[in-house]
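Protein chains in written order, with this note's numbering: chain A, -11 to 700; chain B, 453 to 734. What follows is a single structure, written as structure tokens, with notes after it.
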Amino acid sequence: MRGIHNIHRVLLVLLLTASMSVATAQQTVRYDLDVTDTVVNYTGKTRKAIAINGQLPAPTLHFTEGDTAEIHVHNHMHHETSIHWHGILLPNEQDGVPYLTTAPIKGMSTHVYRFPIRQSGTYWYHSHTMLQEQIGLYGAFIIHKRNERPVNEEVMLLSDWSDENPHQIERSLHRATDWYGIRKGAAQSYGEGLMSGHLGTKFVNEWKRMHAMDVSDVYYERFFVNGHAEEQRQHYRKGDKVRVRIINGSSSTYFWLTYSGGPLTVVASDGADVEPVTVDRLIVGVSETYDIEVTIPADGAAYELAATSEDRMGQVSLWLGDGVKQLKQPLGKLDYFEGMKMMNGMMTVGGNMKDMGMNMSLQQMDMNVVMYPEGNSPKTLNYAMLRSPQPTTLPDKPFRTLHFELTGNMNRYVWTLNNRTVSESDKIRIKKGENIRIILTNNSMMRHPMHLHGHFFRVINGQGDHAPLKNVLDIMPMETDTLEFNASEEYGDWFFHCHILYHMMSGMGRIFTYEHSPPNPQIPDPEKGLRKVYADDRRFYLGAEIGIETNASDGDVVLENTRWAWQTDWHLGPNKRRGYEVDTRFGRYLDRNQFLMVFVGGEWRYREGGHADRNWFGQVNTKDDRTAFNIGLQYTLPWFIVADLRVNHKGYVRLQIERDDIPITTRLRLRGLYNSDGEYTVGAKYILTKYLALSSHYDSDMGWGGGLTFTY
Amino acid sequence: MKITLLLSMLLHIGNMAPAQLPNAKTETFRIAGNCGMCKQTIEAAGTRKGESVLSWNADTHFAELTYDSAATTADVVLKRVAYAGYDNEHYLAPAEAYAALKNCCQYERAPQATALTTNNDPARVEHGIPHADHPSPTTGHHSPVDGVLPSYFKLKDALVAGNAKNVSAVAADLSKQLEGLSAPEAKEAATHAAAVAKAKTLEDQRIRFAALSESLYRFTKTNSPSSLVYYQHCPMYNKGKGANWLSNEKAIRNPYYGDQMLTCGNVVETLGGKDAETHSHE
């Protein structure tokens, strides 16, 4: 109820008139949204978050088609923010992508959004600034039809929560951390493979240069429905039909929906009505919305509408009815090795996906089912089952076809379209009135919810003229899907991107721009604005692994972005006789899979009392005192063996092969290194926390030692 | 009271907690089930080392739950029991979990749990017809007593278990629910339920419960309930004057004596349900 006082009186008048079915005149509906920093405590730890009108998620906004929305956003924080109206058709400068379409809302300032409401259905709103959505800036945006008969309806706004700072999560993903896998029990080590008879599967998987596979990348401590682990609506009775507006406002979690009181009837998707279709369950992609209807089968019980995270790590429930609670059978745990086996079959050693001629599309063949141990197969919704009640054919205008291949690199967490990030591509120019057809092929190992701002697209799904309208399309690995939309807006720049927050921030998207758009008064310097937009996917991430052991300190620090990497490593002995070595290099990844990097760099080493050795290439080297400039290349071989071939300014050649982080058990890792100077290292570490491990290694120069390794 | 305590201790002696739990709290709950195999499954689901110890009595269908109130809650334990296939006061087992039970363990389920299987009629799902258009065949009507009977049965179960604290809490809820109804019998019953809630001792609660049961019986008789209700009689209570109560199951579990005289009594009349008819018993 905390948000109520902010709703303008006009809304109450509107609701009254709407219920009397006389709301034909234009109404301006005003909301005031006060954005503040706040702290929350969901797990026993106090964490920073962002609230609107003192609540998290933000309050649900209600409108009726034909209203004019006037939303005053008061930013009481010291840093900037933005609000994007997800799925809403509106003038471009109201869309809320900071620096691209709309002025950012600076700290301690107010921004007024004003736009006519031209549609009805279930939508939502969220911050489009960095990772603010992860920590609370999202809410439901409900538009009622004109003269709509009142029905039983509920909002089920789903979200995920991590106690970890989202910027740390993002940085860790770029470092290919396996900590989230450990937390989830999804480390998929060789030991676990051996125990379950999948040792060969694991080996082939790493041979094809794939890390432990999962359906999601982040470990979330909590999942929420409307900000709670569970909610109950007790007033429903036997025979009541309830329309539930489901919104997936999570950062990166897909949710399965199931109901303990019978089947679910899907009546709308992404705000657009579909012909009712009855299923046992459906998956709701990140940022998708579905309206479903369920029926209360009996009195004296509350029935469970359950939303389970796709990785099965958590479940939230909306209980409908009063009395003893009728549970829904939980979804089984994932069998990761079965999924791995399937992936092995579909991945080439070169790192490409092949669909083996299955022509997959529209979620009809969920390859993940191999990981879900289920006896009888429940009827599951897919996009081919969605049918618009009205024809959705586009105006009779010429079509322009665009092909996008969804590409990605899990190891370095680079996500792209056609191997280009947003900042590496030009805007795509479109003409007002023309028809655009987009053919998407997912050649990455993950599913991606692709979202188009400010337009509905038709999903070509075999329903002919009645193809359903959506604004988010979930595309699974190896699928090819076709979307069509008419460039029906007047002007402006419209974002098309993957709605998994961490994929979007790494640059998985494109910007459509209408030709001959007038200057946008909210963006006084469009070039500078665009540089700000591009800066998101150009950022560098810092990572380090520093061992402090009795024989030596081995460590490395890296600073990397989409294409560039600066790597420094060292081996520092306890004294001059053991020696000191430092090596640094700056390089660029060249190929799509980022197996190959070329670099320039320098090294310095000092040791007393060594003797001259002859290397594999017959060259002589004392290793006692050397300062050299290098050029070279690094290539990641099958089984993640990194080969480093370099030559220094005196013509001295070195070849080194190295493999880190071989997962023996859930927490035990081995590593090994060997080079053409005859130097070698073997080591082991036992992971204690995300940042700390017990470690030991033997080095041909430094000998045995043990200690601690810090990972950042 | 001493006899009750002694008996319940004897009943549970084989399942005493191996070690004392910190912040120990003990509560009694009704958990459905049939046999010794059920007992094993129920207790395994409800017992977790260092957290909770559950012991279930196959004759009374009551379970005593002792748990570390800092580590877990009764609700969490009962949810686990339901996931293992057993209906209880907080949760009804998922249809799949119940179906997975061995035949001998498949107890008679509550109507709320069986109602949904008719909704899952595959033919209806296939044609995409909203199920509410097809009223469930087992329930043609819907009565004002349907809303209050579950709470009354919970109260009766609390009396069977002899847990005065639970009795007060449940009676207060029931009284509130009854107050919301307009029928004079309901108002009368609400007053009696409030008296049960206020009563200090178990004996006192049982006296008020007898009066409550009389009013509610008249209310149930005039508003036939959707599912079967059994009107049951204990001839011994109140020095041979006897007393009655309503139950959702045919088997006798005497709320006036609890463990002492659990199965003493008989069914006098059957009310409501799809084929409501009156049976008389000697």
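Ideal Cβ placement from N, Cα and C applies to all residues, glycine included. These figures come from a predicted structure and were not determined experimentally.
Any C-beta of chain A under 8 Å from that of residue i
{"i": "B/GLY717", "result": "no"}
{"i": "B/LEU506", "result": "no"}
{"i": "B/ALA621", "result": "no"}
{"i": "B/GLY592", "result": "Its pLDDT being 42, under 50, B/GLY592 is placed unreliably in this model, and the coordinates cannot settle the point."}
{"i": "B/GLY599", "result": "yes"}
{"i": "B/LEU544", "result": "yes"}
{"i": "B/PRO602", "result": "yes"}
{"i": "B/GLU701", "result": "no"}
{"i": "B/GLU479", "result": "no"}
{"i": "B/GLN558", "result": "no"}
Cα-Cα separation, residue i to residue j
{"i": "A/ILE(-8)", "j": "A/VAL100", "result": "With a pLDDT of 44 at A/ILE(-8), under the threshold of 50, the modelled position of that residue is not reliable, and no figure is offered here."}
{"i": "A/THR653", "j": "A/ALA200", "result": "13 Å"}
{"i": "B/HIS586", "j": "B/LYS531", "result": "Any reading at B/HIS586 must be qualified, since the residue scores a pLDDT of 37, below 50, and its modelled position is unreliable; no value is offered."}
{"i": "B/TYR682", "j": "B/LEU723", "result": "6 Å"}
{"i": "A/LEU621", "j": "A/ARG642", "result": "11 Å"}
{"i": "A/SER70", "j": "A/THR296", "result": "30 Å"}
{"i": "A/ARG657", "j": "A/GLY561", "result": "23 Å"}
{"i": "B/ALA549", "j": "B/THR566", "result": "13 Å"}
{"i": "A/ALA286", "j": "B/ASP598", "result": "10 Å"}
{"i": "A/ASN370", "j": "A/ILE235", "result": "17 Å"}
{"i": "B/VAL533", "j": "B/ALA510", "result": "15 Å"}
{"i": "B/ARG500", "j": "A/THR241", "result": "31 Å"}
{"i": "A/LEU(-1)", "j": "A/PHE51", "result": "Because A/LEU(-1) sits at a pLDDT of 47, beneath the cut-off of 50, its placement in the model cannot be relied upon, and the following sentence gives the value as read from the coordinates. When rounded, the distance between both Cα atoms is 8 Å."}
{"i": "A/ARG400", "j": "A/PRO154", "result": "17 Å"}
{"i": "A/MET496", "j": "A/ARG388", "result": "22 Å"}
Residue-level contact to chain B via CB, residue i, 8 Å cutoff
{"i": "A/GLY302", "result": "no"}
{"i": "A/LEU369", "result": "no"}
{"i": "A/ALA286", "result": "yes"}
{"i": "A/SER248", "result": "yes"}
{"i": "A/LEU77", "result": "no"}
{"i": "A/LYS172", "result": "no"}
{"i": "A/LYS313", "result": "yes"}
{"i": "A/ALA217", "result": "no"}
{"i": "A/LYS133", "result": "no"}
{"i": "A/LYS385", "result": "no"}
{"i": "A/ALA289", "result": "yes"}
Neighbourhood of residue i by C-beta, 6 Å cutoff - its chain only, sequence neighbours within 5 removed
{"i": "A/ARG163", "result": "GLY531"}
{"i": "A/ASP202", "result": "ALA174"}
{"i": "A/ARG741", "result": "Look at the range of chain A in this structure, -11 to 700, and you will see that residue 741 of chain A is not part of it."}
{"i": "A/ILE427", "result": "HIS391, THR470"}
{"i": "A/ARG659", "result": "ASP648, GLY671"}
{"i": "A/ASN508", "result": "GLU81"}
{"i": "B/PRO596", "result": "LEU633, ASN675"}
Cβ-based neighbour list, residue i, same chain, cut-off 7 Å, excluding 5 preceding and 5 following
{"i": "A/PRO104", "result": "THR56"}
{"i": "B/ALA649", "result": "SER620, ALA623, ALA624, SER627"}
Residue closest to residue i, alpha-carbon to alpha-carbon, out of the options
{"i": "B/GLN558", "options": "B/GLY614, B/GLY488, B/SER679", "result": "B/GLY488"}
{"i": "A/SER108", "options": "A/LEU49, A/SER147, A/HIS67", "result": "A/LEU49"}
{"i": "B/LYS608", "options": "B/LYS652, B/GLU541, B/LEU633, B/ALA552", "result": "B/GLU541"}
{"i": "A/SER707", "options": "A/PRO318, A/GLN222, A/ASP299", "result": "A query on residue 707 of chain A cannot be resolved here, the shown segment of chain A reaching from -11 to 700 and no further."}
{"i": "B/LYS617", "options": "B/GLU655, B/LYS639, B/ALA484", "result": "B/GLU655"}
{"i": "A/LEU374", "options": "A/GLU141, A/SER115, A/ARG446", "result": "A/ARG446"}
{"i": "A/ILE536", "options": "A/ALA681, A/LEU119, A/ARG231, A/PRO383", "result": "A/ALA681"}
{"i": "B/CYS556", "options": "B/GLY632, B/THR493, B/GLN657, B/ASP527", "result": "B/THR493"}
{"i": "A/GLN120", "options": "A/ASP148, A/GLU136, A/ILE131", "result": "A/ASP148"}
Close-in-space but distant-in-sequence residues of the same chain around residue i (CB under 8 Å, 5 per side omitted)
{"i": "A/LYS638", "result": "ALA616"}
{"i": "B/LYS673", "result": "LEU723"}
Residue i CB to nearest heavy atom of the ligand ADP below 7 Å
{"i": "A/LYS321", "result": "This structure does not include the ligand ADP; it has no bound ligands of any sort."}
Practice problem: Determine, using beta-carbon pairs with one atom in the region 570 to 578 of chain A and one in the region 590 to 606 of chain A, whether at least three such pairs fall under 8 Å. | Solution: yes
Quiz item: Counting pairs of Cβ atoms below 8 Å between the region 669 to 684 of chain A and the region 189 to 200 of chain A, do you hit three or more?
Solution: no
Quiz prompt | the region 154 to 170 of chain A / the region 203 to 222 of chain A touching (three or more Cβ pairs under 8 Å) | solution = yes
Quiz item: Would you call the region 504 to 519 of chain A and the region 75 to 95 of chain A touching, i.e. three or more CB-CB distances under 8 Å?
Solution: yes
Quiz item: When the Cβ atoms of the region 263 to 280 of chain A are set against those of the region 321 to 333 of chain A, are three or more pairs found closer than 8 Å?
Solution: no
Practice problem: Please confirm if the region 484 to 495 of chain A is in contact with the region 298 to 311 of chain A, defined as three or more CB-CB distances below 8 Å between the two stretches. | Solution: The region 484 to 495 of chain A vs the region 298 to 311 of chain A: no contact.
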